[in-house]
Amino acid sequence: MGSVGTLQGSVISPMLFNLIMIGLPERLNAIEGVHHAIYADDITIWVCEGSDGEIEQRLQTAVEVVEQYLVGTGLVCSSEKSELLLYRPTFKGRPPKSSIRHADYEEICVRTKEGQEIPRVRQIKVLGLIIQSNGANGATIRNLETKVTNTMRLIRRITNRHGGMKEASVVRLIHSFVISHITYVAAYHNWYTAEKAKLNTLIRRAHKMALSLPDSTSTELLLQLGIHNTLDELIEAQQISQLERLTRTRTGRSILDKLGISYHKQHGDKKSLPSPIREKLQVANLPKNMHPELNQGRRESRARSLLQAFGRDKEALFVDAAEYVDRHAFSVAVLNTEKQLVSSCSVRGKNPEVAEEVAIALAIVCPGCRYVLSDSQTAVRNYAQGRISPEAAAILNANANYLTSEETEERHIIWFPAHTSPHTPVPNLNGEVHRVARGLTFRARVERSTPGDGQPAEGWTERDRMTRYCDITKFYQKSRCIYPPPSAKLDRSQAVDWRQLQTQTFPNPVHLRRLYPDIYPDDTCKLCGWTHASLRHILWECVVIS
Numbered sequence: 002m003g004s005v006g007t008l009q010g011s012v013i014s015p016m017l018f019n020l021i022m023i024g025l026p027e028r029l030n031a032i033e034g035v036h037h038a039i040y041a042d043d044i045t046i047w048v049c050e051g052s053d054g055e056i057e058q059r060l061q062t063a064v065e066v067v068e069q070y071l072v073g074t075g076l077v078c079s080s081e082k083s084e085l086l087l088y089r090p091t092f093k094g095r096p097p098k099s100s101i102r103h104a105d106y107e108e109i110c111v112r113t114k115e116g117q118e119i120p121r122v123r124q125i126k127v128l129g130l131i132i133q134s135n136g137a138n139g140a141t142i143r144n145l146e147t148k149v150t151n152t153m154r155l156i157r158r159i160t161n162r163h164g165g166m167k168e169a170s171v172v173r174l175i176h177s178f179v180i181s182h183i184t185y186v187a188a189y190h191n192w193y194t195a196e197k198a199k200l201n202t203l204i205r206r207a208h209k210m211a212l213s214l215p216d217s218t219s220t221e222l223l224l225q226l227g228i229h230n231t232l233d234e235l236i237e238a239q240q241i242s243q244l245e246r247l248t249r250t251r252t253g254r255s256i257l258d259k260l261g262i263s264y265h266k267q268h269g270d271k272k273s274l275p276s277p278i279r280e281k282l283q284v285a286n287l288p289k290n291m292h293p294e295l296n297q298g299r300r301e302s303r304a305r306s307l308l309q310a311f312g313r314d315k316e317a318l319f320v321d322a323a324e325y326v327d328r329h330a331f332s333v334a335v336l337n338t339e340k341q342l343v344s345s346c347s348v349r350g351k352n353p354e355v356a357e358e359v360a361i362a363l364a365i366v367c368p369g370c371r372y373v374l375s376d377s378q379t380a381v382r383n384y385a386q387g388r389i390s391p392e393a394a395a396i397l398n399a400n401a402n403y404l405t406s407e408e409t410e411e412r413h414i415i416w417f418p419a420h421t422s423p424h425t426p427v428p429n430l431n432g433e434v435h436r437v438a439r440g441l442t443f444r445a446r447v448e449r450s451t452p453g454d455g456q457p458a459e460g461w462t463e464r465d466r467m468t469r470y471c472d473i474t475k476f477y478q479k480s481r482c483i484y485p486p487p488s489a490k491l492d493r494s495q496a497v498d499w500r501q502l503q504t505q506t507f508p509n510p511v512h513l514r515r516l517y518p519d520i521y522p523d524d525t526c527k528l529c530g531w532t533h534a535s536l537r538h539i540l541w542e543c544v545v546i547s
C-alpha cells in the first residue's frame with residue numbers, strides 16, 4: 002500500500018503478524034538500554050538514557066536486529082513509513098545552567114540495511130498517541146478539536162431543539178465520538194493548565210450541543226445536570242481502570258515493574274492460586290452502579306434477592322471481618338444460615354482486604370459449603386482474578402487435597418451488599434455475621450466501645466474502592482447532580498425547554514435583549530410592566546401570571 006495507512010485487520014489479521022513477531026522481543030531485550038512495543042506490524046523502539054552517540058548506536062543495533070529477524074518471513078521494513086523522533090522537550094522559563102542548548106545536540110542518524118536514512122520528524126503517532134519532539138501537546142489538541150467539530154456537525158444534522166434524536170441517545174453519541182477519543186490520550190500527556198481548559202471547553206461544547214443549550218450556559222449549572230465529567234475526572238478514571246487491567250496479568254505486572262509503578266503492590270503482596278484450586282472456584286460477576294450512597298435502592302434490591310435465594314440454604318455461608326480497636330488486627334467470622342458460628346480467626350495487619358480474603362478462604366474449606374457470600378467487592382474481585390493474599394492462599398493450599406478431590410463440589414463466591422435493610426422475612430445474615438465479627442473484637446475490651454450503642458470509635462464504612470471506569474465517572478456525575486433528567490415521555494422540544502429552565506437559559510426579555518438589542522430594544526414585562534423581566538420574574542415574581 003506504500004505510504005497509505007491501512008486499518009488493522011482489513012488485509013491480514015494482526016494475529017498472523019504476532020505469530021511471526023513472537024521471537025523478536027527476546028532479541029530486542031538482549032540489547033542494553035533498548036525498549037520496545039510491538040503490535041501486529043507496528044514496531045516501536047526507544048532509548049531513554051545515554052549520550053547521543055550511545056543512543057544512536059543502540060537504535061542502529063535495534064534496527065539491524067529487526068531487519069535480520071524479518072529475513073525469510075516475507076516481511077520487510079518500510080523506510081517510507083519508518084520515522085525517527087528525537088524527544089527534546091522545551092523548558093518552561095529560564096533554562097538551568099546544566100541544560101544543553103539545541104545547537105549543542107549531535108545529529109542522530111539511523112539507517113536501514115539499504116543505506117537509506119530514516120527521516121526525522123517533529124511528531125510521531127504510536128497507536129493513536131501523538132508525541133511531539135518539543136514535548137508540547139498542540140497536535141493532540143488540534144486533532145481532538147477536529148473530531149469534536151465533526152461530531153457537532155453530525156449532531157446538527159440528526160437533531161435540533163424542535164425534533165430529532167432525544168437527549169439520552171445524543172449523549173451516548175457524544176461518549177462514543179468525543180469522550181472516547183479524549184480519554185484514549187488524556188491520561189498519558191502532561192497537560193498545561195491552559196490545555197486542560199481547552200479540553201474542558203470542548204467537552205462542555207459537545208454536551209451543550211447535545212442538550213441544545215446556548216454556548217453562554219453557566220458551567221456550574223451544566224455540571225449540576227450530572228451528565229458529563231471534567232477532564233481531571235476522566236483522567237483519574239482512565240488511569241485507575243488501566244492500572245487495574247494491568248495488575249490482572251503477569252505481563253501487565255511486568256510492565257508496571259519496568260515503569261517503576263508499584264500500584265499492584267500497594268495493598269500487599271499477592272499470590273496466584275494453583276490451577277486445580279482455581280478451577281473449583283466460580284466467582285459471580287460484580288454488578289455495576291452499587292455505590293453505598295448513590296445506589297441504595299439497587300443495593301437493597303440485590304440484598305433482598307440474595308437472601309431469598311440463599312437465606313435458608315444450608316450450603317451457604319456468610320463471611321465478614323471486623324477491625325480490632327486496640328491493635329492492627331482483624332477478627333474473621335464465618336456464619337451459616339442457622340446463625341451458628343462455623344469458623345473464626347484473627348488476622349494481623351492493617352489491610353482489611355487481607356482479612357476479607359481470609360474469611361472467604363475459611364468458608365471455602367468448610368465441608369458442605371457451596372456458596373460463599375461476602376460484602377467485600379475487592380476480595381471477591383481478587384478471587385476472580387486468581388491473585389489473593391499469602392495468608393488466604395496458605396489456607397487454601399493447606400486444604401488443596403480436599404478442594405481438588407472429585408467428591409468436593411465447586412465453590413461459588415457471591416458479593417452481598419453491606420449495610421442494607423432489605424425488609425424480607427429471611428433475616429439479614431450479612432448483618433448478623435457483621436455483628437458476630439464485631440463482637441469477637443470486643444469480647445475482652447467492651448469498655449473501649451462508643452458509649453450508648455456499642456459501636457467502635459470509627460464508623461464501619463464501605464472499604465471497597467472503585468476500580469472501574471464507569472463506576473468512577475458515574476460517582477462524580479451523581480454526586481453533584483441536582484436537577485433530574487427529562488421524562489422519557491417528553492418529546493425533544495419539551496426536553497430542551499426542561500433543560501433550559503434548569504440552566505436558566507430559557508428565553509426571556511432580558512436574555513433576548515442582550516442577544517438581539519435591535520430586535521428586542523425593551524426588556525419590560527408585557528403583562529405587569531416590570532422594567533426588568535428576567536426568567537426569575539416570569540416564573541415567580543410576575544403578579545399577572547401568578
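If you want this note's numbering, it's the 1-based position in the sequence shown plus 1. Just so it is clear, CB atoms sit at the ideal spot from N, CA and C, and this is done for glycine as well. None of the values given here were measured: they were computed from a predicted structure.
Inter-residue Cα distance where the pair is D258 and E234: Here residue 258 refers to the residue found at position 257 of the sequence shown. Here residue 234 refers to the residue found at position 233 of the sequence shown. Using only the alpha carbons, I get a separation of about 26 Å.
Pairwise C-alpha distance: L128 and N19: One-based indexing of the sequence shown puts residue 19 at position 18. One-based indexing of the sequence shown puts residue 128 at position 127. Going from the Cα of N19 to the Cα of L128 covers about 16 Å.
Cβ shell of E118 (< 7 Å), same chain only, five flanking positions each side left out: Numbered from 1 along the sequence shown, position 117 holds the residue referred to as residue 118. Cβ neighbours of E118 beyond the five flanking positions: C110 and R112.
Simplified DSSP state of Y477, which is helix, strand or coil: Translated into the one-based positions of the sequence shown, residue 477 becomes position 476. Looking at Y477 - three-state DSSP - the assignment turns out to be helix.
Three or more C-beta pairs below 8 Å linking the segment 143-153 and the segment 466-483: With a cut-off of 8 Å on Cβ pairs, the segment 143-153 is not in contact with the segment 466-483, counting fewer than three such pairs.
Boundaries of the beta strand (DSSP E) in which S345 is found, first to last residue: Locating residue 345 in the sequence shown gives position 344, where the first residue counts as 1. Taken as a continuous stretch (DSSP letters only), the beta strand (DSSP E) holding S345 covers L342 to R349.
Continuous alpha helix (DSSP H) stretch holding V66: start and end: The residue given as residue 66 occupies position 65 in the sequence shown. Where V66 is concerned, the enclosing alpha helix (DSSP H) stretches over D53 to Y70.
Residue interval of the beta strand (DSSP E) (run including F319): Against the sequence shown, residue 319 aligns to sequence position 318. DSSP places F319 in the uninterrupted beta strand (DSSP E) bounded by A317 to E324.
Same chain, Cβ closer than 7 Å to S273, neighbours up to 5 away in sequence not counted: The residue you call residue 273 lines up with position 272 of the sequence shown. Shown here for S273: same chain residues with a beta carbon closer than 7 Å to its own, the five before and five after excluded, namely G387 and R388 in chain order.
Three-state secondary structure assigned by DSSP to A38: As a working note, residue 38 is residue 37 in the sequence shown. Shown here, A38 sits in a strand according to DSSP, grouped into three states.
Bridge partners - G165, DSSP secondary structure assignment: Taking the first residue of the sequence shown as 1, we reach residue 165 at position 164. Answer is T160, bridged to G165.
DSSP bridge partner residues for R112 (one or two, in chain order): Walking along the sequence shown from the start, residue 112 turns up at place 111. Bridge partners of R112: E118.
Within 8 Å, strictly: CB atoms of V373 and R412: By 1-based counting over the sequence shown, the position of residue 373 is 372. By 1-based counting over the sequence shown, the position of residue 412 is 411. Going by C-beta atoms, V373 is nearer than 8 Å to R412.
C-beta contact flag for E84 and I131 at 8 Å: On the sequence shown, position 83 is the one that residue 84 refers to. On the sequence shown, position 130 is the one that residue 131 refers to. The Cβ-Cβ distance between E84 and I131 does not fall below 8 Å.
Distance CB(V511)-CB(S535) smaller than 8 Å: Here residue 511 corresponds to residue number 510 of the sequence shown, with the count starting at 1. Here residue 535 corresponds to residue number 534 of the sequence shown, with the count starting at 1. Less than 8 Å divides the Cβ of V511 from the Cβ of S535.
Other residues of its chain near A63: CB distance less than 7 Å, five sequence neighbours each side excluded: For the purposes of this step, residue 63 is identified with residue 62 of the sequence shown, where counting begins at 1. Cβ within range, chain order: L29, I32, V35 and I46.
Burial state of G530, where buried means 16 or more other Cβ atoms lie within 10 Å: Within the sequence shown, residue 530 is the residue found at index 529, counting from 1. Exposed is the call here.
Pair within 8 Å by beta-carbon distance, S345 and V333: Here residue 345 refers to the residue found at position 344 when the sequence shown is read from its first residue. Here residue 333 refers to the residue found at position 332 when the sequence shown is read from its first residue. For S345 and V333, yes; Cβs fall inside 8 Å.
Limits of the unbroken beta strand (DSSP E) element including F331: For the purposes of this step, residue 331 is taken as residue 330 along the sequence shown, with counting starting at 1. Looking at the DSSP string, the run of the beta strand (DSSP E) that includes F331 is A330 to N337.
R143 vs S134 beta-carbon contact at 8 Å: Position 142 of the sequence shown holds residue 143. Position 133 of the sequence shown holds residue 134. Taking 8 Å as the cut-off, the beta carbon of R143 is found no closer than this to the beta carbon of S134.
Pair within 8 Å by beta-carbon distance, G253 and L260: Here residue 253 refers to the residue found at position 252 of the sequence shown. Here residue 260 refers to the residue found at position 259 of the sequence shown. Not in contact: G253 and L260 (Cβ atoms no closer than 8 Å).
Segment contact, 8 Å Cβ cut-off, at least three pairs: the segment 153-172 with the segment 186-198: No contact exists between the segment 153-172 and the segment 186-198.
Environment of N290 [buried if 16+ CB atoms lie within 10 Å]: Here residue 290 is taken as the residue at index 289 of the sequence shown, counted from 1. With fewer than 16 neighbouring CB atoms inside 10 Å of its own CB, N290 falls in the exposed class.
Cα-Cα separation, F476 to G298: By one-based count along the sequence shown, residue 476 stands at place 475. By one-based count along the sequence shown, residue 298 stands at place 297. Each residue's Cα considered, the two are about 15 Å apart.
V434 and D314 closer than 8 Å at C-beta: Taking the first residue of the sequence shown as position 1, residue 434 is located at position 433. Taking the first residue of the sequence shown as position 1, residue 314 is located at position 313. Cβ atoms of V434 and D314: not closer than 8 Å.
Cβ neighbours of V497 in the same chain (closer than 6 Å, five flanking residues each side left out): Walking along the sequence shown from the start, residue 497 turns up at place 496. These residues qualify, in order along the chain: R162 and S213.
Alpha-carbon to alpha-carbon, A323 and G54: Here the question's residue 54 lines up with position 53 in the sequence shown. Here the question's residue 323 lines up with position 322 in the sequence shown. Straight-line Cα distance between these residues: approximately 60 Å.
Burial state of V335, where buried means 16 or more other Cβ atoms lie within 10 Å: Indexing the sequence shown from 1 puts residue 335 at position 334. With 16 or more neighbouring CB atoms inside 10 Å of its own CB, V335 falls in the buried class.
DSSP state of S375 mapped onto helix, strand, coil: Along the sequence shown, one-based indexing puts residue 375 at 374. The three-state secondary structure of S375, taken from DSSP, is strand.
Buried versus exposed call for S375 [16 or more other C-beta atoms within 10 Å across all chains shown]: The residue you call residue 375 lines up with position 374 of the sequence shown. Buried, since its Cβ has 16 or more Cβ neighbours within 10 Å.
C-beta contact flag for T504 and T160 at 8 Å: Taking the sequence shown and counting its residues from 1, one reaches residue 504 at position 503. Taking the sequence shown and counting its residues from 1, one reaches residue 160 at position 159. Against a cut-off of 8 Å, the Cβ pair of T160 and T504 comes out as no contact.
First and last residue of the uninterrupted alpha helix (DSSP H) at H512: Taking the sequence shown and counting its residues from 1, one reaches residue 512 at position 511. Its alpha helix (DSSP H) spans residues P510 to L516.
Span of the alpha helix (DSSP H) around L491: Your numbering for residue 491 matches position 490 in the sequence shown. From DSSP, L491 is part of no alpha helix (DSSP H); its letter is neither H nor E.
Assigned exposure category for A395 - 16 Cβ within 10 Å defines buried: Looking up residue 395 in the sequence shown gives position 394. Under this definition A395 is an exposed residue.
Through-space distance from I175 to W192, alpha-carbon basis: Along the sequence shown, one-based indexing puts residue 192 at 191. Along the sequence shown, one-based indexing puts residue 175 at 174. If I take the Cα positions, the gap works out to 22 Å.
For P275 and Q341, the rounded distance between their alpha carbons: Sequence index remark: in the sequence shown, residue 341 carries index 340 (1-based). Sequence index remark: in the sequence shown, residue 275 carries index 274 (1-based). Looking at the two C-alpha atoms, the distance is approximately 31 Å.
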